[in-house]
Amino acid sequence: MKKFGLIVLVMVIEAVALWVVSLVFTWNVMDVLFLGSLGIFGMVWLVLLALNQSNNAFNHLILLKKVGLVKMLVE
152 MKKFGLIVLV MVIEAVALWV VSLVFTWNVM DVLFLGSLGI FGMVWLVLLA
202 LNQSNNAFNH LILLKKVGLV KMLVE
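If you want it as structure tokens, here you go:
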């Protein structure tokens, strides 16, 4: 139940923040909501991409250690 409340709270804060941005720039609220959701999707996608790439690099290093190529590459 706490997670659901937190999700709803984040959605409400985001909607209010985007509405304030639409008032400041005198844009339509729908335009700001679209751009805001696009920006949030982009940020989440980039964070997940960075996590995936760092995990891939870590797993590759473990594989090299198991095969014994790390010692060969260092020497």
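Residue 152 is where the sequence shown starts when you use this note's numbering, and the numbers rise one by one after that.
Beta carbons are placed, not taken as given, at the ideal position from N, Cα and C, and that holds for glycine.
Owing to the predicted nature of the structure, the values given are computational and were not obtained by experimental measurement.
- In this structure residue 172 touches residue 183 by the C-beta definition: roughly 5 Å separates them, less than 8 Å.
- Straight-line measurement puts the Cα of residue 159 at about 22 Å from the Cα of residue 199.
- In this structure, the straight-line span from the alpha carbon of residue 206 to that of residue 177 is close to 43 Å.
- Per DSSP, residue 178 lies in no alpha helix (DSSP H) segment and is marked neither H nor E.
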